[in-house]
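Report on the structure given below.
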Amino acid sequence: MSNEIAMVQNMPSSITYADPSAVASAEQAKARIQSAYIMAMQRPRNFDQARVNILRSCDRPGFAELVEYAKPIGGSSIIGPSIRFAEECVRNWGNMDVTQQVVYDDETVRRITVTVTDYETNASFSSSVQIEKTVERKRADGREVLSERINSRGEKVFLLKATEDEIANKQGSAVSKAMRNDVLRLIPQDLIAEALKRARETLQKKDRTDPDSARKKLNDAFAKIGIMPNDLKEYLGHDLAQIQPSELQELRGIYQSISDGQSKWSDYVTPPQEEESTHALDAKRKLNGLKEKLKKDGSASEPKSIREEGLFPSDTNGNV
Numbered sequence: 296m297s298n299e300i301a302m303v304q305n306m307p308s309s310i311t312y313a314d315p316s317a318v319a320s321a322e323q324a325k326a327r328i329q330s331a332y333i334m335a336m337q338r339p340r341n342f343d344q345a346r347v348n349i350l351r352s353c354d355r356p357g358f359a360e361l362v363e364y365a366k367p368i369g370g371s372s373i374i375g376p377s378i379r380f381a382e383e384c385v386r387n388w389g390n391m392d393v394t395q396q397v398v399y400d401d402e403t404v405r406r407i408t409v410t411v412t413d414y415e416t417n418a419s420f421s422s423s424v425q426i427e428k429t430v431e432r433k434r435a436d437g438r439e440v441l442s443e444r445i446n447s448r449g450e451k452v453f454l455l456k457a458t459e460d461e462i463a464n465k466q467g468s469a470v471s472k473a474m475r476n477d478v479l480r481l482i483p484q485d486l487i488a489e490a491l492k493r494a495r496e497t498l499q500k501k502d503r504t505d506p507d508s509a510r511k512k513l514n515d516a517f518a519k520i521g522i523m524p525n526d527l528k529e530y531l532g533h534d535l536a537q538i539q540p541s542e543l544q545e546l547r548g549i550y551q552s553i554s555d556g557q558s559k560w561s562d563y564v565t566p567p568q569e570e571e572s573t574h575a576l577d578a579k580r581k582l583n584g585l586k587e588k589l590k591k592d593g594s595a596s597e598p599k600s601i602r603e604e605g606l607f608p609s610d611t612n613g614n615v
């Protein structure tokens, strides 16, 4: 009898506890994915219709202005399809899904995985983004300061603990960029090139019809994000009344990049040398003083050559 009791006690228990909320979340995700695959099988994508829908969107001047962005990298601007264009592709291409999942979160950083899936081809791409819960500002204004530094413009900036709104803005921008990159990998590249060309043609036609209206609309758009017409004039190097169609397209790309959070206006302009701050001038003086000191020390202790020391005799021709 005692042996039977011992055997029963040593048997593994088949009853395990599961968190009801975790089980419900797992079942909900499972049902959503299964239903998406079923819909993809029942309503397959029509490539020709999807292509026409995307090109029609690019025929609208209002959307064509948002199709491309221009981001400064290495002294030149990189032009490419924007986040808004990728979102339009998702809507018209169909049977695609974009998900984001927080995989790690603490007081200093948040890591998110963004996954884009094509339910018809079962192809998917994912990207991981890391959100630092800090922001840089020129003024602390009573906030928690983590550190400070001098930026490339010679200005003192403070590293501050980010608020919830600032974290949400950073997360939205980073997730949108990751989504755009993964979505564009699933859309045929020839279709993307055709759509970008169509959008440029739409804008060129509109600019030829009413260039003044295009210029005013662009001025108003930049003014809403704090960039005035004088700033645009300084960037172009001439008055806005003389703006060329190619410059209009360039400014539209810059505006879209700034609006999407990929760049700042300061990335496109170089600060005047005469406006350097006290911190920058002081740093330059210290650097020049250090260079002079090293130069003097180096010339004083520079060793003589073997010939100058007279350790080896030379003939009349100077040969050893």
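In our numbering, the protein residues as written are 296 to 615. For each residue, glycine too, the CB sits at the ideal point set by N, CA and C. Because the structure is a prediction, the values reported are computed rather than measured.
The segment 505–512 contacting the segment 431–446, beta-carbon criterion three pairs below 8 Å: no
D562 versus V385: straight-line alpha-carbon distance, rounded: The count along the sequence shown starts at 1 and reaches residue 562 at position 267. The count along the sequence shown starts at 1 and reaches residue 385 at position 90. D562 and V385 have their C-alpha atoms some 30 Å from each other.
Uninterrupted alpha helix (DSSP H) stretches inside the segment 469–518 (no shorter than 4 residues): 484–504
Cβ contact (3+ pairs, closer than 8 Å) linking the segment 368–381 and the segment 327–346: No, the segment 368–381 is not in contact with the segment 327–346.
Secondary structure of D314, DSSP reduced to three states: Within the sequence shown, the letter at position 19 stands for residue 314. Looking at D314 - three-state DSSP - the assignment turns out to be coil, as it is neither helix nor strand.
Continuous alpha helix (DSSP H) assignments of at least 4 residues falling wholly in the segment 339–427: Within the segment 339–427, the runs of alpha helix (DSSP H) that reach at least 4 residues and sit entirely inside it are, in chain order, 342–354, 356–359, 378–388.
Sequence-distant residues of its chain with Cβ nearer than 7 Å to Q568 (five each side left out): Within the sequence shown, residue 568 is the residue found at index 273, counting from 1. Below a pLDDT of 50, predicted positions are generally treated as unreliable, and Q568, at 46, falls in that range; no measurement from the model is reported.
Host alpha helix (DSSP H) of R444 (start-end): Counting from one through the sequence shown, the residue named residue 444 turns up at place 149. Not the alpha helix (DSSP H): R444 falls in the beta strand (DSSP E), residues 440–445.
Sheet register partners of R432 (DSSP bridge): Position 137 of the sequence shown, counted from the first residue, corresponds to residue 432. Beta-bridge pairing links R432 to F453.
T403, buried or exposed, once every other Cβ within 10 Å from all chains shown has been counted against 16: Along the sequence shown, one-based indexing puts residue 403 at 108. With fewer than 16 other Cβ atoms within 10 Å, it is exposed.
CA-to-CA distance, V564 to E571, given in whole angstroms: On the sequence shown, position 276 is the one that residue 571 refers to. On the sequence shown, position 269 is the one that residue 564 refers to. Unreliable positioning characterises E571 in this predicted model, as indicated by a pLDDT of 48, which lies under 50. The coordinate reading is nonetheless provided below. So the two alpha carbons sit approximately 14 Å from each other.
Nearest neighbour of D555, chosen from V411, S468, A509, T497 [CA to CA]: Here residue 555 corresponds to residue number 260 of the sequence shown, with the count starting at 1. In this structure, S468 is the residue among V411, S468, A509, T497 with its C-alpha nearest to the C-alpha of D555.
Exposure of S371, with buried meaning 16 or more beta-carbon neighbours within 10 Å: Along the sequence shown, read from residue 1 onward, the residue named residue 371 stands at position 76. Per the 10 Å Cβ criterion, exposed.
Spatial distance of V362 from D436 (CA atoms): In the sequence shown, counting from the first residue as 1, residue 362 sits at position 67. In the sequence shown, counting from the first residue as 1, residue 436 sits at position 141. Those two C-alpha atoms are separated by around 38 Å.
Which of helix, strand or coil DSSP assigns to D460: The residue labelled residue 460 in the question sits at position 165 within the sequence shown. Three-state result, D460: helix.
Coarse secondary structure for Q679, derived from DSSP in three states: Outside the displayed range of the chain (296 to 615) lies residue 679, so it cannot be described from this structure.
Neighbourhood of K456 by C-beta, 6 Å cutoff - its chain only, sequence neighbours within 5 removed: Here residue 456 is taken as the residue at index 161 of the sequence shown, counted from 1. Closer than 6 Å at Cβ, skipping near neighbours: E439.
Three-state class that DSSP yields for D562 in the structure shown: As a working mapping, residue 562 is identified with position 267 in the sequence shown. D562 falls in the helix class under three-state DSSP.
A278, buried or exposed, once every other Cβ within 10 Å from all chains shown has been counted against 16: No information on residue 278 is available, as it lies outside the stretch 296 to 615 that the chain covers here.
Alpha-carbon spacing of D460 relative to Q466, whole angstroms: Here residue 460 corresponds to residue number 165 of the sequence shown, with the count starting at 1. Here residue 466 corresponds to residue number 171 of the sequence shown, with the count starting at 1. Whole-angstrom Cα-Cα distance: 10 Å.
Cβ pair S352, N387 closer than 9 Å: Position 57 of the sequence shown, counting from 1, holds the residue named residue 352. Position 92 of the sequence shown, counting from 1, holds the residue named residue 387. Yes, Cβ-Cβ distance for S352 and N387 is below 9 Å.
Euclidean distance between Cα positions of V424 and F517: The count along the sequence shown starts at 1 and reaches residue 424 at position 129. The count along the sequence shown starts at 1 and reaches residue 517 at position 222. Going from the Cα of V424 to the Cα of F517 covers about 29 Å.
For K433 and M523, the rounded distance between their alpha carbons: If you number the sequence shown from 1, residue 523 lands on position 228. If you number the sequence shown from 1, residue 433 lands on position 138. M523 and K433: Cα-Cα distance of roughly 21 Å.
Stretch pair the segment 473–489 + the segment 411–422: three plus CB contacts closer than 8 Å: yes
CB contact flag (A359, R448, <9 Å): For the purposes of this step, residue 359 is identified with residue 64 of the sequence shown, where counting begins at 1. For the purposes of this step, residue 448 is identified with residue 153 of the sequence shown, where counting begins at 1. No.
Within 9 Å, strictly: CB atoms of Y364 and I349: In the sequence shown, residue 364 corresponds to position 69, counting from 1. In the sequence shown, residue 349 corresponds to position 54, counting from 1. No.
Contact check, R510 vs L535, beta carbons under 9 Å: Along the sequence shown, one-based indexing puts residue 510 at 215. Along the sequence shown, one-based indexing puts residue 535 at 240. Going by C-beta atoms, R510 is nearer than 9 Å to L535.
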